[in-house]
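Residue numbers (this note's numbering): -15 to 139.
For every residue, glycine included, the Cβ atom is placed at its ideal position computed from N, Cα and C.
Since this is a predicted model, take the numbers as computed values, not measurements.
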Amino acid sequence: MRELTYSEAAVEAVAEEMRRDPKIFYMSTDALPPLLKPPLAKIGAEFLDPVLVGQGETDYSTFVANVQSEGADAAVLLLSEQAAAQFVASTAQLQPGFRLSGLSPSFTIDVLRKYKDVTKGMVLANSFPYPTANNVGRFPGLKTYFGAMKAGGIS
């Protein structure tokens, strides 16, 4: 059996789902993570011009229009929770017809429910294992997480 890290498995899952959406628009406050390029390129995904979103941006309708004008089949959002909520709200308002994807911590359940017309079928991935005591043995890095939480008075 092939062994993968959690991040590699998440990226492969996103790549598999995005196989039917070959033109991908990437939006983030950072550059495209190198981890995403190989598996998505392997399935023939074409990354359109990535857009870096400045901190404090408030009008996301121009970004939604940009994704649409690029002819994207999907938009991968690696944004903060607030920025992702604003982008989803603008997408719901403009109804451009592309699929959304991103990291699950960027999207609250309230946003997913409120804008279910555009969030239904979203591909959500997570870049880290869920922090439970049961996962510490398989993901030793969680010891640091639990140590920091305990030091901060949260147990």
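Mapping DSSP to helix, strand and coil, what is F82?
The count along the sequence shown starts at 1 and reaches residue 82 at position 98. Three-state DSSP puts F82 in coil, outside helix and strand.
Counting along the chain, where does the alpha helix (DSSP H) carrying V102 start and finish?
Position 118 of the sequence shown, counting from 1, holds the residue named residue 102. From DSSP, the alpha helix (DSSP H) with V102 extends over 100 to 103.
For A56, which of E30, A68, K104, D101 has the nearest alpha-carbon?
By one-based count along the sequence shown, residue 56 stands at place 72. Among E30, A68, K104, D101, the Cα nearest to that of A56 belongs to E30.
V51 (DSSP reduced to helix, strand or coil):
Sequence index remark: in the sequence shown, residue 51 carries index 67 (1-based). Helix, per DSSP.
Burial state of R97 (16 or more Cβ within 10 Å):
In the sequence shown, residue 97 corresponds to position 113, counting from 1. R97 is exposed by the Cβ-count criterion.
Out of Q39, V95, V102, S90, point me to the one whose CA is closest to V48's CA.
Working through the sequence shown from its first residue, we reach residue 48 at position 64. Nearest option by C-alpha distance: V102.
According to DSSP, is L108 part of a helix, a strand, or is it coil?
In the sequence shown, counting from the first residue as 1, residue 108 sits at position 124. In the structure shown, L108 sits in a strand (DSSP, three-state: E or B).
Alpha-carbon spacing of E54 relative to S45, whole angstroms:
Translated into positions along the sequence shown, residue 54 becomes position 70. Translated into positions along the sequence shown, residue 45 becomes position 61. Cα-Cα distance, rounded: 14 Å.
Take Y99 and list the residues in its own chain whose beta-carbon comes closer than 7 Å to its own, dropping the five residues that flank it on each side.
Taking the first residue of the sequence shown as position 1, residue 99 is located at position 115. The residues are V72, A73, A76.
Is the CB-CB distance between G86 and V60 below 8 Å?
Within the sequence shown, the letter at position 102 stands for residue 86. Within the sequence shown, the letter at position 76 stands for residue 60. Result yes, Cβ atoms of G86 and V60 sit closer than 8 Å.
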